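Asks: If you're matching positions, the sequence shown starts at 1 in full-length UniProt numbering and goes up one per residue.
What follows is a structure written as structure tokens; I'll ask about it next.
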Amino acid sequence: MSDSGHSIERSGHSIERRGHSIERKGHAIGLPGTAWSVWKDVVLRSTGFPAEGLALFGAPGCAAVADAFLDGRASEDELTRALDAALADASRAAAEVAADPLFREALTWQNPAAARRVAELASASPPGSETPVRRTGHKWRARENTLVRYWQRYCGKNDTVGFFGPVAWGTIDPDLAPAVVARPGEGLVRDRHVALEFWALEAYVTALLADPEVAPWLPAGVQPHVVVQDGRVLRPGDEPLPLDEPEQAVLARCDGVTPVVQIASEPPESAALERLVDAGVVWRGVDMPYNPRAESVLRKALNDIPDPEARKRALAGLERLDLALAAVAAAAGDPDALAAALAGLDAEFTAVTGAEPQRRDGQMYAGRRVCYEDTVRDLDLTFGRPILEALSEPFGNVLLPAARWVSAALADAYDAGFKALYRRLGGPRDGGVPMPVFWRAAQPLLAGPDRPADAVVAEFARRWSELFGLDAATAAASRLDLRSADLARRAAELFAADRPGWAGGRIHSPDIHLCAPSVEALAAGDFTLVLGEMHTAWPTLDCAVFADRHPDPERLRAAAAADIGPQFRPLYPTWWPQYTARIAPVLGVTDRQLAFTAASGADPGRVLPTVALTVTERDGRLEVTGPGGLRRPVREVFALLFGFVGAEVFKLVGAGPHHPRITLDRLVVTRETWRTTVGGTGLVPATGAVREYLAARRLRASLGLPERVFAKVGTEVKPVYVDFTGPRYVSAFAAMLRAARESSGPDVPVVFSELLPGPEDAWLRDARGRRYSSELRLQFCDPERP
1 MSDSGHSIER SGHSIERRGH SIERKGHAIG LPGTAWSVWK DVVLRSTGFP AEGLALFGAP
61 GCAAVADAFL DGRASEDELT RALDAALADA SRAAAEVAAD PLFREALTWQ NPAAARRVAE
121 LASASPPGSE TPVRRTGHKW RARENTLVRY WQRYCGKNDT VGFFGPVAWG TIDPDLAPAV
181 VARPGEGLVR DRHVALEFWA LEAYVTALLA DPEVAPWLPA GVQPHVVVQD GRVLRPGDEP
241 LPLDEPEQAV LARCDGVTPV VQIASEPPES AALERLVDAG VVWRGVDMPY NPRAESVLRK
301 ALNDIPDPEA RKRALAGLER LDLALAAVAA AAGDPDALAA ALAGLDAEFT AVTGAEPQRR
361 DGQMYAGRRV CYEDTVRDLD LTFGRPILEA LSEPFGNVLL PAARWVSAAL ADAYDAGFKA
421 LYRRLGGPRD GGVPMPVFWR AAQPLLAGPD RPADAVVAEF ARRWSELFGL DAATAAASRL
481 DLRSADLARR AAELFAADRP GWAGGRIHSP DIHLCAPSVE ALAAGDFTLV LGEMHTAWPT
541 LDCAVFADRH PDPERLRAAA AADIGPQFRP LYPTWWPQYT ARIAPVLGVT DRQLAFTAAS
601 GADPGRVLPT VALTVTERDG RLEVTGPGGL RRPVREVFAL LFGFVGAEVF KLVGAGPHHP
661 RITLDRLVVT RETWRTTVGG TGLVPATGAV REYLAARRLR ASLGLPERVF AKVGTEVKPV
721 YVDFTGPRYV SAFAAMLRAA RESSGPDVPV VFSELLPGPE DAWLRDARGR RYSSELRLQF
781 CDPERP
């Protein structure tokens with residue numbers, strides 16, 4: 001058979017085309033011309049609002065007048081008129097957006113209070129009037145700025161949240177001749193799932209523990225980080241706790257299933273149980289995993305209560321929350337009904353639990369509400385061989401060898417750091433170091449000012465610069481266009497590594513932007529690739545928000561088992577920073593859980609209390625030994641704690657004031673970037689619309705910035721879109737900079753990057769032809785194992 005004149009020969013599990021063999025590995029496909037493979041399953045993250053919406057608050061005419069004023073070619077009166085007109089246009093656009101039911105719904109899901117405030121902007125344009133009622137003053141300006149901040153996110157950021165950030169799973173098919181086949185459905189989303197946040201479920205369990213009719217019928221269990229041995233409790237960081245006979249008897253019955261009333265029915269035993277709870281040895285309630293499975297575990301535990309009256313009482317409050325949650329799900333699509341339903345859920349939550357219905361008030365990126373919504377985009381898509389071929393050379397020749405080097409270098413650096421620590425702790429003299437002692441002493445190596453990781457990051461940046469010939473001259477250039485084949489030999493020398501540093505280090509997960517003016521152009525091969533984030537040595541598809549939306553999660557679990565296998569994963573408590581149930585890993589069902597403190601959701605068959613482990617040395621290598629003959633390298637036990645640095649290392653190259661765009665073949669590896677500080681922008685002291693806008697025009701000119709950029713302020717979680725022509729965008733950005741200065745001073749870093757892809761590059765369309773920003777998340781697998 002033939003395909004565009006190229007012969008295809010099928011032999012076993014490979015396809016021969018254009019002289020390159022693609023090996024099939026069940027869940028993965030060989031990257032053409034390399035030994036690496038890529039998972040067939042891929043995630044497309046996208047926005048829920050069209051990319052063209054970003055232009056609503058732009059004002060290129062106003063920018064031209066402002067630049068002319070700064071050059072002495074326009075008067076102050078002309079500038080004032082142009083700025084007033086641009087602000088009036090922005091108010092009109094804000095009124096239109098504020099009246100849009102979809103925007104109102106999106107904002108209501110995230111922040112009902114902000115949605116109510118912003119809704120008042122709709123009155124700025126009375127029905128039938130072409131001229132908006134211009135509102136001035138700090139409060140009105142702040143509301144328009146709030147609207148713009150959310151609007152730029154909904155139109156320009158590929159977040160995975162609600163219907164305004166739906167997930168779409170697709171596949172790679174090397175037999176497919178077009179680069180993509182995309183079939184959008186009639187609607188934006190195909191599936192909507194509403195669930196209670198983990199912290200809300202915790203609050204419900206806390207309320208049950210305060211109910212004297214229910215609490216005795218809830219189970220009790222031993223905390224995962226302690227070990228009962230020889231009549232004592234071993235606890236990390238504490239002296240062993242001796243147990244009296246009632247405590248030993250009670251502790252033997254704390255299996256996580258048996259109700260308290262059956263564990264300690266007599267006063268001596270009940271008093272013993274209370275002592276054990278107070279000492280942090282025993283938990284009471286429901287031991288829910290810190291992931292989206294928590295709700296099903298809670299329901300089963302309550303349904304298993306043997307006493308009928310207690311069971312009925314325990315389930316009654318949950319049933320009330322179920323009804324309120326069902327009303328929220330039913331209201332999706334109607335912002336007013338949704339606001340009412342969310343208010344009803346909040347009221348029920350407080351009535352049932354006695355707790356406030358929100359947390360982390362004021363944060364844009366946080367699980368603050370009682371419930372959340374995840375969605376699947378109404379889209380079927382398959383990516384074809386042209387995408388594989390465009391990825392193969394830049395990744396196979398440069399990026400993947402560099403990524404492997406990062407994982408190996410991190411592991412080697414921490415081997416050395418851990419060995420030095422072991423000697424300081426007297427390990428060679430005492431025949432080993434108890435893991436709790438080693439764990440505590442190792443924390444500065446993981447999060448202190450002198451981490452071994454920092455030297456690896458600096459060395460990676462040096463080698464990266466050497467590879468691309470970055471010096472004062474090239475750094476001043478705006479573009480470097482290179483061929484990966486020309487760099488392959490030097491990349492192999494600079495990033496020489498035989499194998500990855502740990503099991504999860506086999507996987508590298510980049511975000512790839514496909515730049516094409518239309519889906520037809522993309523399918524025909526008229527596209528450019530842009531590397532977004534390069535999550536080095538980090539399997540990002542192992543994340544509940546992605547995996548739970550997959551049509552066959554078991555397939556992903558099998559793939560993770562085949563490529564990664566069991567890892568040592570810290571059992572994080574719910575207070576751990578920047579860790580939530582939605583982003584919890586759910587694929588590594590054979591991972592060992594390292595329990596270093598009290599935490600929920602331990603699997604008895606997989607949990608490893610650090611207090612049961614010892615760090616020893618054998619043949620010059622540090623190992624962790626433990627129950628059942630466990631013996632593993634220390635680097636593997638700590639890999640997920642130092643390995644996260646690899647996920648960030650590509651972001652940290654080119655730390656100078658300017659970095660050119662670097663293109664390898666058809667892949668933009670690095671966008672053009674500019675670096676300054678909050679104080680260096682000149683925007684913070686500029687108060688008033690005119691001064692603020694002129695300061696932004698001076699900033700753009702002084703740095704040589706494009707009109708449209710993404711800006712990352714050091715105090716913020718995510719970048720924001722800024723259009724320097726739009727006074728409302730400028731005002732919202734300046735407000736962010738002022739907040740950063742007030743919280744952290746004028747030296748907070750600010751990084752600008754070119755807008756690539758831009759709205760004109762948005763190939764993804766819905767059934768109505770509207771175009772959306774998107775990015776493809778892949779997982780490459782190293783052919784070698786650690």
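We treat Cβ as the ideally placed atom computed from N, Cα and C, and that holds for glycine.
Model, not experiment: these values are computed from the prediction.
Helix or strand or just coil, what does DSSP make of Gly626?
Replies: Correct three-state label for Gly626: strand.
Asks: Per DSSP, what kind of secondary structure is Ile305 in: helix, strand or coil?
Replies: In the structure shown, Ile305 sits in coil (DSSP, three-state: anything other than H, G, I, E or B).
Asks: Per DSSP, which residues does Gly30 bridge with? Please list them.
Replies: Answer is Ser37, bridged to Gly30.
Asks: Rounded to whole angstroms, what's the CA-CA distance from Ser265 to Thr258? Just pull it up for me.
Replies: Approximately 12 Å between the Cα atoms of the pair.
Asks: Which word fits His138, buried or exposed, when buried means at least 16 other C-beta atoms lie within 10 angstroms of its C-beta?
Replies: Result: exposed.
Asks: DSSP three-state call for Phe383: helix, strand or coil?
Replies: Strand, per DSSP.
Asks: If you measure between the beta carbons of Glu52 and Pro759, is that distance less than 8 Å?
Replies: Yes.
Asks: Please state whether DSSP places Asp415 in a helix, a strand or coil.
Replies: Reduced to three states, the DSSP call for Asp415 is helix.
Asks: If distances are taken between C-alpha atoms only, which option among Pro436, Ala86, Ala461 and Pro212 comes closest to Phe650?
Replies: Nearest C-alpha to Phe650: Ala461.
Asks: Name the two residues that bound the continuous beta strand (DSSP E) containing Ser774.
Replies: That run of the beta strand (DSSP E) goes Ser774 to Arg777.
Asks: DSSP on Thr375, reduced to helix/strand/coil?
Replies: Here Thr375 sits in strand by DSSP.
Asks: What residues are listed by DSSP as bridge partners for Val43?
Replies: Its beta-bridge partners are Trp169 and Arg777.
Asks: Consult DSSP for residue 798 and reduce its assignment to one of helix, strand or coil.
Replies: With the chain covering 1 to 786 only, the question about residue 798 has no answer from this structure.
Asks: Going by C-alpha distance, which of Pro685, Gly682 and Pro657 is nearest Glu672?
Replies: Of the listed residues, the one whose Cα sits closest to Glu672 is Pro657.
Asks: Quick check: Asp542 and Ala560, are their CB atoms within less than 8 Å of each other?
Replies: Yes, they are a contact pair.
Asks: What residue range does the beta strand (DSSP E) around Pro749 cover?
Replies: Start and end: Pro749 to Glu754.
Asks: At which residue ranges does the region 490-553 contain complete alpha helix (DSSP H) runs of 4 or more residues, listed in the order of the chain?
Replies: Here the runs fully enclosed are 519-523 and 544-547.
Asks: Just to confirm the assignment: which complete alpha helix (DSSP H) runs, minimum length 4, are found wholly within the region 311-359?
Replies: Listed in chain order, the complete alpha helix (DSSP H) runs (minimum 4 residues) inside the region 311-359 are 335-353.
Asks: Once DSSP output is grouped into helix, strand and coil, what is the label at Pro127?
Replies: Note on Pro127: pLDDT 47, under 50, position unreliable in the model; the coordinate value appears next. The answer is coil: DSSP assigns Pro127 none of H, G, I, E or B.
Asks: Please report the residue range of the beta strand (DSSP E) in which Asp255 lies.
Replies: That run of the beta strand (DSSP E) goes Asp255 to Pro259.
Asks: Could you tell me whether the region 40-48 touches the region 160-172, using the rule of 3 or more Cβ pairs below 8 Å?
Replies: Yes, since at least three Cβ pairs between the region 40-48 and the region 160-172 fall closer than 8 Å, the two stretches touch.
Asks: Measuring CB to CB, does Gly654 end up less than 8 Å from Leu470?
Replies: Closer than 8 Å, so yes.
Asks: In angstroms with no decimal places, state the Cα-to-Cα distance between Gly185 and Glu96.
Replies: So the alpha carbons of these two residues sit roughly 27 Å apart.
Asks: Assuming the contact rule is C-beta atoms closer than 8 Å, Gly501 and Ala411 should be a hit. Round their C-beta distance to whole Å, please.
Replies: So it is a contact: roughly 3 Å between Cβ atoms.
Asks: If you follow the beta strand (DSSP E) that Trp576 is part of, which residue opens it and which one closes it?
Replies: Unbroken run through Trp576: none, as it is neither H nor E.
Asks: When the Cβ atoms of the region 410-430 are set against those of the region 677-687, are three or more pairs found closer than 8 Å?
Replies: No, the region 410-430 is not in contact with the region 677-687.
Asks: Given a threshold of 16 other Cβ atoms within 10 Å of its Cβ, counted over all protein chains shown, does Glu493 qualify as buried or as exposed?
Replies: The residue is exposed, with fewer than 16 neighbouring Cβ atoms inside 10 Å.
Asks: Whole-angstrom Cβ separation of Glu648 and Pro428, contact assumed at under 8 Å?
Replies: Not confirmed; about 34 Å, so no contact.
Asks: Note down the Cα distance separating Gly362 from Val545, rounded to an integer number of angstroms.
Replies: Low confidence applies here, because Gly362 scores a pLDDT of 46, under 50, leaving its location unreliable; read the following figure in that light. Cα to Cα, Gly362 sits roughly 23 Å from Val545.
Asks: Hey, is the region 289-303 in contact with the region 566-585, meaning 3+ C-beta pairs nearer than 8 Å?
Replies: Short answer: they touch.
Asks: Between Ser270, Glu213 and Ala279, which lies nearest to Asp238 when the distance is taken from Cα to Cα?
Replies: The residue with the shortest Cα to Cα distance from Asp238 is Ala279.
Asks: For Asp322, would you say it is in contact with chain C, using Cβ-to-Cβ distances shorter than 8 Å as the test?
Replies: No chain C is part of this structure, which consists of one protein chain only.
Asks: Using CA atoms only, rank isn't needed, just tell me which of Leu737, Pro746 and Arg675 is closest to Phe752.
Replies: Among Leu737, Pro746 and Arg675, the Cα nearest to that of Phe752 belongs to Arg675.
Asks: What does the Cβ neighbour count give for Gly161, buried or exposed, with the cut at 16 atoms within 10 Å?
Replies: Sequence check: residue 161 is Val here, not Gly. So Val161 counts as buried.
Asks: Name, in chain order, the residues that DSSP records as bridge partners for Lys139.
Replies: Lys139 pairs with nothing; no bridge assigned.
Asks: Quick check on Glu692: buried or exposed, where buried means 16 or more other Cβ atoms within 10 Å of its Cβ?
Replies: So Glu692 ends up on the buried side.
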